[in-house]
Ligand code: HEM
């Protein structure tokens, strides 16, 4: 990520901070409207799940320029998602709904630069999570 992309992500996330639970609410609403089959893999209450999602995004945004801290945490998150029945193809659906919810809430403040930077960052995060998940799945299959 370039310095400008990192700045665009951090500025837009800061603008979202007071609205973060509303971002999460709209994210789930959009996700389940477009992909109702995903409802069955969420079990907890969506308010606290939304809080955890936004806290994790906060951690990611804070550490975006610090891969030594970021990457192990994102890999572990990817491994935990295997246990939540999350599959590779779900990542695109989640990314689309997340960007949609941010754009809906921020309006014009979600600039083209910010949107492009978030798409790039999300694609990278998803790749790291999926890779870590696939390694764990392959190890489990090899030992069974
Ligand atoms: C960058 C992408 C993602 C981030 C930052 C993220 C973040 C989180 C966090 C912080 C949790 C709380 C539990 C934990 O820390 O292990 C969680 C749980 C969960 N996530 Fe994700 N997640 C992402 C992608 C996805 C995708 C693609 C799906 C697929 C639909 C998904 C579905 C779930 C489910 C089902 C749970 C458990 C919730 C429950 O039991 O109610 N997540 N996620």
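Residue numbers (this note's numbering): 1 to 144. All C-beta atoms in this analysis are idealised placements derived from N, C-alpha and C, irrespective of residue type, glycine included.
One alpha carbon belongs to residue 136, the other to residue 52, and they sit about 23 Å apart. Note on the segment 32-93: whole alpha helix (DSSP H) runs with a minimum of 4 residues are 46-62, 67-83, in chain order. In the displayed model, residue 100 falls within a helix according to three-state DSSP. Remark: the shortest separation between the CB of residue 84 and any heavy atom of the ligand HEM falls under 8 Å. C-alpha of residue 59 to C-alpha of residue 38: approximately 25 Å in a straight line. Taking the Cα positions, residue 43 is about 28 Å away from residue 62. Going by DSSP, residue 16 is part of the alpha helix (DSSP H) stretching over 3-16. Taking a contact to require three or more Cβ pairs closer than 8 Å, the segment 89-103 and the segment 120-127 qualify as touching. In the DSSP assignment, residue 125 falls within the unbroken alpha helix (DSSP H) covering 112-143.
Taking a C-beta distance under 9 Å as the contact criterion, residue 118 and residue 12 qualify as a contact pair. About 5 Å separates the beta carbon of residue 64 from that of residue 6, a gap short enough to meet the 8 Å contact definition. The Cβ neighbour count for residue 84, taken over all protein chains shown within 10 Å, is under 16; the residue is labelled exposed. Taken from the Cβ of residue 31, at least one heavy atom of the ligand HEM lies inside 8 Å. In summary, residue 41 is exposed, with fewer than 16 beta-carbon neighbours lying within 10 Å of its beta-carbon over all protein chains present.
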